[in-house]
Amino acid sequence: VNNYQIIVVNTATGDTAYSDLVNSTSQEVTGLTAFTEYTVTAYAVCDDGTITSSVNTTFRTACENGNCEFTVALADTYGDGWNGNAINVWQNGEVFTRLTIANGSAANANVSVCLGSPVELIWQSGSYAYETSFTITSADDSVILALDGDSLVNGDTLVVFDGLCGVQFVYSGDIVDTTE
Numbered sequence: 190v191n192n193y194q195i196i197v198v199n200t201a202t203g204d205t206a207y208s209d210l211v212n213s214t215s216q217e218v219t220g221l222t223a224f225t226e227y228t229v230t231a232y233a234v235c236d237d238g239t240i241t242s243s244v245n246t247t248f249r250t251a252c253e254n255g256n257c258e259f260t261v262a263l264a265d266t267y268g269d270g271w272n273g274n275a276i277n278v279w280q281n282g283e284v285f286t287r288l289t290i291a292n293g294s295a296a297n298a299n300v301s302v303c304l305g306s307p308v309e310l311i312w313q314s315g316s317y318a319y320e321t322s323f324t325i326t327s328a329d330d331s332v333i334l335a336l337d338g339d340s341l342v343n344g345d346t347l348v349v350f351d352g353l354c355g356v357q358f359v360y361s362g363d364i365v366d367t368t369e
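Quick note on numbering: this note's numbering labels position 122 of the sequence shown as 311, and the sequence is numbered without any gaps.
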């Protein structure tokens, strides 16, 4: 094998960001969008053009202006996971990550998002929401929001961070508080 076909695809859109036939086992790819998930597939190409094998991996590009970090502690009182309930973390019009418990009674997620764009945490309803609870904590260990899932409906906005990691909105039942 002397050549490799390298294809880099934006995972969210399916658009090809890079494609080239190279003769090295490493390749620098430039021009990718910051804080975007990509899937890379590398194909081994023989001299006669046949493809002998392939490998792929997924990665997220770095932030341009730094990160905003927070923690979400998830709990399930029954111990069988969140049964389809989740907190979706949105940034730049896409779901950056989905927080849930697949199995068990607890999970912690350390979330790091880019500064410069607002971030929304949105509730996704599943089954047995009354078994779920969560606590969202800022980087300085201040509790931003602690709730039981039973009080939520699908699509509820839980927290909105502005582009500078400040809290803009916090869910509080029928009332949304605005903080400066």
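For every residue, glycine included, the Cβ atom is placed at its ideal position computed from N, Cα and C. Just so you know, these numbers come straight off a predicted model, no measurement behind them.
With distances taken from CA atoms, which of S301, I311, S316 and Y317 is nearest G255?
Minimum Cα distance to G255 is reached at S301.
When burial is assigned at 16 or more other CB atoms within 10 Å of the CB, is D329 buried or exposed?
It is exposed - the Cβ of D329 has fewer than 16 other Cβ atoms within 10 Å.
For Y317, list the residues DSSP reports as bridge partners.
As far as DSSP is concerned, Y317 takes part in no beta bridge.
Within the stretch 195–247, ranges of the beta strand (DSSP E) (whole runs, at least 3 residues)
Runs of the beta strand (DSSP E) spanning 3 or more residues and lying entirely within the stretch 195–247 occur at 205–211 and 226–234, in chain order.
Assigned secondary structure, D351 (DSSP; H/G/I helix, E/B strand, else coil):
Three-state DSSP puts D351 in coil, outside helix and strand.
Pick from N191, F323, G282 and S316 that is closest to A298, judged by C-alpha positions:
For the set N191, F323, G282 and S316, the Cα lying nearest the Cα of A298 is the one of F323.
Note the first and the last residue of the continuous beta strand (DSSP E) segment covering D265.
Counting along the chain, the beta strand (DSSP E) containing D265 begins and ends at N256 to D265.
Would you call the CB atoms of G305 and E253 closer than 8 Å?
Yes, they are a contact pair.
The stretch 261–277 touching the stretch 214–232, judged by at least three CB pairs closer than 8 Å
These segments do not touch.
Rounded separation between Q216 and Y227 - CA only
Rounded to the nearest angstrom, the two C-alpha atoms are 15 Å apart.
Cβ-based neighbour list, V198, same chain, cut-off 6 Å, excluding 5 preceding and 5 following
Counting only Cβ-Cβ distances below 6 Å, and skipping sequence neighbours, we find T205 and T228.
Please classify L353: is it buried, with 16 or more other beta-carbons within 10 angstroms of its beta-carbon, or exposed?
Exposed: under 16 other Cβ atoms inside 10 Å.
Skipping 5 residues on each side, what residues in its chain have a beta carbon closer than 6 Å to that of S294?
Closer than 6 Å at the Cβ level, and outside the excluded window around S294, lie D265 and G268.
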